[in-house]
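Residue numbers (our numbering), protein chains in the order written: chain A, 1 to 277; chain B, 1001 to 1332; chain C, 2001 to 2286.
Don't be surprised by glycine CBs; every beta carbon is placed ideally from N, CA and C.
Note that the structure is a prediction, hence the values are computed from the model and not measured.
Below: one structure, written as structure tokens.
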């Protein structure tokens, strides 16, 4: 009986270790492919030139990098204030009320909503009535995906602020809104900031919500009222194309975007760790 | 007063924007050509023509709903449809569709496929490369005992429209079961997005067969099959053979240049040739003038790159006919 | 004045919190309205109709729905055991040093944009599937595989977190009674972490069924019911990505919205189920 148990123990532990090795294997494979192709495709032209027909040497991703950044920053400008204030309501006013808990659940559901459906939704409410693909529609689609994440982090972070701080502020005669904006926010700021970074990283890698909204643009464009190129949509069209130089650019785009997003994740991890200490 | 001047300022600024940026979308068939033309146009005039290759279906849809400044399609629209949607139409170039394959060790034009056989392969009736029906016309080719992977389009495509039009004409069963259209219910195979996607899948997948515009075949060194003319003679997809078909085109302003070029008579007329068309929304006169300027300029300076890429430029007289069409419509 | 600002602030935050609800309702309403011509024409038989032929103006959602379900199923069957294995390894077996470095890299892998998984799948993984399983490498199985690779880090990370919440004192008393590691995992850790693990698996399922980019490169993009696991097929998000920008006929456009509505409803139900049954977080009263 005892030996039997030890045998099973050994089998399970071996299987778990094998699973871990397999998982790690895929990790290394993907990262290796990304770094090899990405670095291999990297050159200065990528940062200096915009989209060009296949076969043209002066071809780059400048337009797409700037476009992706514009879209992500635009979404942040809309999504972060809404997310923070909505999260504030849940944590500071709604607390454990039925309404607050209901909104929490709904927000969590929206957080996992299929991103392509958000794209079709925004096409129907913005692109179709306005009459053209445009960057505003892109940032609205991304903001819809961002708000639930910021809301959730704000809610969580604010609920970690000790009540004694709130009580002290109220005892000093501060009105509630001042107590929240000056005391509660201040002590939760690192946590909220980390949440914003992570949500920014999440939406900066989105493709599907942009296909029907900001569409794509081969040229450098700073106008939100027009189609805007992005790294992700460019990657999609370049990687599915047969041209080797476009595929190379696709890998370069993948590498740049992945490094950017992994960098953001590492930075936010640093903040989380610092906070723990 | 202030409001009025603000409005006119706004209008002026949108006009200024319109002058240096144009958004077009549609057919992937002429995309390599339009990219080239747009690239040169931006270099010489500063006007940015943002052409997105999303398929003819997308081009028609987006110009109908006025979401782009011009649409592009290789399926021409009939005059009554154009009238209903308040669109204008003119051809921009001619191209040919090549039946391409990827069989390791077998070179370009080494395989001969009768038109009807092409239909049987796309119907899934012939499933292996060494099928006796293929072997019969290729006695000296070492055909492998491998499953054929059919690659077609996943999106609404003018290339598909012309290809399925051709298949419907040469293969009865195809006509009954599948028919002609930009997007059909494919009996077999896998779908690539755009000519780009089909080319990519054919390149990636050994023992596959697909159909793409000549430019995609050339740029990517794919192998193409020799097929048959309408009269049953073997014919390769060369520039001369495509031109032989193109010369039968009867372009006319009255029908808004509606023209299907597949299966023309003549002993060396390549059977799958097609014009590619531009669609303009009637009411956007100013924008149309800018679009027309781009195509006029490309008609003047773009023939060379069209030939290099594998397209057939429109003959001078057709170009003049188009210019007079533009004049009639007040946009030239 | 003091109270007015307070009321103003509270109302502003409440309004914005309600906005989330408004968006959710708006998505349903807008999708439904746009899908209406297709709903009127086909009703629920849309779900079981097999033919999708835009040239004949016939639209049936069954192949896309089936493709979504099957690719997600394959992904879950492959990813869940591996992810749980990794979680066990991370929380119970690995030496402390490996725990953090491996744990962090798993979490980072979960952050890579899905379009990159798709590219990797097309150029590197599809040929491997072709070699091993036959077919042409593009199809249902490859789609499921890529989805599995995409979601296992996500499941592993959450499962590990739930396992780590098991109080040490419980584990130690079990060891003191002569339990093996597996006994402890089976009888102490898993019962303790069960709800969290199941919840995370369902959340991952929700994510997989709505994923577009990782799948569209490799699933084959055809409305067909696969007869072999390696056959090409499609899924709802892939169909939307391929056809939405070009759906010319009214019915085609409406049918795509119908598919989007179905997908949204499925993911809503899946996630709501995970939330209400397994991930109900009890908020600490202040």
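#### Entry: 8 Å Cβ cut-off: residues of chain C touching residue 265 (chain A)
Residues of chain C passing the Cβ test: 2107, 2108, 2111.
### Query
Residues bridged to residue 1209 (chain B) by DSSP?
The bridge partners DSSP lists for residue 1209 (chain B) are B:1101, B:1150.
### Task
Buried or exposed for residue 263 (chain A), please, with buried defined as at least 16 other CB atoms from any protein chain shown within 10 angstroms of its CB.
Sixteen is the threshold: since fewer than 16 other Cβ atoms of the shown chains lie within 10 Å of the Cβ of residue 263 (chain A), the residue is exposed.
#### Entry: Which listed residue (A:274, A:270, A:85, A:246) has its alpha carbon closest to that of residue 41 (chain A)
Minimum Cα distance to residue 41 (chain A) is reached at A:246.
### When A:89, A:140, A:23, A:76 are compared against residue 2009 (chain C), the one with the closest alpha-carbon
For residue 2009 (chain C), the nearest C-alpha among the options comes from A:89.
### Task
Have a look at residue 1042 (chain B) and residue 1295 (chain B) and give me their C-alpha separation to the nearest angstrom.
Distance from the CA atom of residue 1042 (chain B) to the CA atom of residue 1295 (chain B), rounded to whole angstroms, is 13 Å.
### Query
Is the CB of residue 1278 (chain B) under 8 Å away from at least one CB in chain A?
Cβ-Cβ to chain A under 8 Å: no for residue 1278 (chain B).
### Query
Which chain A residues sit within Cβ distance under 7 Å of residue 1085 (chain B)?
Going along chain A, no residue has its Cβ under 7 Å from residue 1085 (chain B), so there is no contact; the nearest lies around 15 Å.
### Query
With DSSP run on the structure shown, which of helix, strand or coil describes residue 95 (chain A)?
Three-state DSSP puts residue 95 (chain A) in coil, outside helix and strand.
### Span of the beta strand (DSSP E), counted from its first residue to its last, around residue 1051 (chain B)
Counting along the chain, the beta strand (DSSP E) containing residue 1051 (chain B) begins and ends at 1048-1053.
#### Entry: Buried versus exposed call for residue 268 (chain A) [16 or more other C-beta atoms within 10 Å across all chains shown]
Result: buried.
### Message
8 Å is my cut-off, CB to CB: does residue 273 (chain A) come that close to chain B?
### Response
False, the Cβ-Cβ gap to chain B never drops below 8 Å.
### Message
Can you tell me where the beta strand (DSSP E) holding residue 1277 (chain B) begins and where it ends?
### Response
Taken as a continuous stretch (DSSP letters only), the beta strand (DSSP E) holding residue 1277 (chain B) covers 1273-1281.
### Query
Between residue 2285 (chain C) and chain A, is there a C-beta pair that is closer than 8 Å?
Note that residue 2285 (chain C) has pLDDT 40, beneath the 50 cutoff, so the model's placement of it is unreliable and the number below is only indicative. With its beta carbon less than 8 Å from one in chain A, residue 2285 (chain C) belongs to the interface.
### Task
Identify which residue in A:111, A:256, A:236 has its Cα closest to the Cα of residue 1054 (chain B).
Comparing C-alpha distances from residue 1054 (chain B) to each of A:111, A:256, A:236 shows the shortest one belongs to A:236.
### Task
Indicate whether at least one CB of chain A lies closer than 8 Å to the CB of residue 1283 (chain B).
Interface residue (Cβ-Cβ distance to chain A less than 8 Å): residue 1283 (chain B) is not classified as such.
### Query
Would a check of beta-carbon distances place residue 2160 (chain C) closer than 8 Å to chain A?
Any Cβ of chain A closer than 8 Å to the Cβ of residue 2160 (chain C) would place that residue at the interface, and such an atom is absent.
### Query
Can you tell which of B:1121, B:1021, B:1072 has its C-alpha closest to the C-alpha of residue 1049 (chain B)?
Of B:1121, B:1021, B:1072, the smallest CA-CA separation from residue 1049 (chain B) is found for B:1021.
#### Entry: Nearest-angstrom beta carbon gap, residue 147 (chain A) and residue 2021 (chain C) [assumed within contact, 8 Å]
Contact between residue 2021 (chain C) and residue 147 (chain A) does not hold, since the beta-carbon distance rounds to 12 Å and is not under 8 Å.
### Query
Nearest-angstrom Cα distance between residue 1069 (chain B) and residue 1052 (chain B)?
Distance between the alpha carbons of residue 1069 (chain B) and residue 1052 (chain B): 12 Å.
### Contact set between residue 80 (chain A) and chain F, taken where Cβ atoms lie within less than 8 Å
The structure shown has no chain F; the protein chains it does contain are A, B and C.
### Task
Starting from the beta carbon of residue 1039 (chain B), find every residue of chain C whose beta carbon is closer than 7 Å, and list them in chain order.
Under the 7 Å cutoff, chain C gives no residues; its nearest Cβ is about 23 Å from residue 1039 (chain B).
### Task
Output yes if chain A places a C-beta closer than 8 Å to the C-beta of residue 1156 (chain B); else output no.
No, because no Cβ of chain A sits closer than 8 Å to the Cβ of residue 1156 (chain B).
### Message
Closest to residue 230 (chain A) by C-alpha separation, out of A:204, A:255, A:240, A:270, would be which residue?
### Response
The shortest Cα separation from residue 230 (chain A) among A:204, A:255, A:240, A:270 belongs to A:204.
### Query
Going along chain C, which residues have a C-beta under 7 Å from residue 1183 (chain B)?
Result: 2054, 2055.
### Message
Residues in the same chain with beta-carbon distance under 6 Å from residue 3 (chain A), minus the five sequence neighbours each way, listed in chain order, please.
### Response
Within the same chain, no residue comes within 6 Å of residue 3 (chain A) by CB-CB distance, once the 5 residues on both sides are set aside.
### Task
Just the chain C side, please: which residues come within less than 8 Å of residue 1149 (chain B) by C-beta, in chain order?
Simply 2136.
### Message
I want to know whether the segment 247-260 of chain A touches the segment 163-181 of chain A - three or more CB-CB distances under 8 Å.
### Response
Taking 8 Å as the limit for Cβ pairs, the verdict is that the segment 163-181 of chain A does not touch the segment 247-260 of chain A.
### Message
Check for me: the beta strand (DSSP E) holding residue 1023 (chain B) runs from which residue to which?
### Response
Where residue 1023 (chain B) is concerned, the enclosing beta strand (DSSP E) starts and stops at 1021-1026.
### Message
Please tell me whether residue 89 (chain A) has its Cβ less than 8 Å away from any Cβ of chain C.
### Response
So, interface residue.
### Query
Using 8 Å as the threshold, is the segment 111-118 of chain A in touch with the segment 145-159 of chain A, meaning 3 or more CB pairs across them?
Yes: the two stretches touch, three or more of their Cβ pairs being nearer than 8 Å.
### Buried/exposed call for residue 2128 (chain C), threshold 16 Cβ in 10 Å
With a 10 Å radius around the Cβ and a threshold of 16 neighbouring Cβ atoms, residue 2128 (chain C) comes out exposed.
### Query
Once you ignore the five residues that flank residue 1213 (chain B) on each side, which residues in its own chain have a CB closer than 7 Å to its CB?
Around residue 1213 (chain B): 1029, 1095, 1097, 1159, 1195.
### Task
Look up residue 1073 (chain B) in the DSSP assignment and give the residues it is bridged to.
Under DSSP, residue 1073 (chain B) takes part in a beta bridge, and its partners are B:1277.
### Query
Any heavy atom of the ligand SAH closer than 7 Å to the CB of residue 1278 (chain B)?
Of ligands this structure carries none, so the ligand SAH is not represented either.
### Query
According to DSSP, is residue 2220 (chain C) helix, strand or coil?
In the three-state scheme derived from DSSP, where H, G and I count as helix and E and B as strand, residue 2220 (chain C) is classed as strand.
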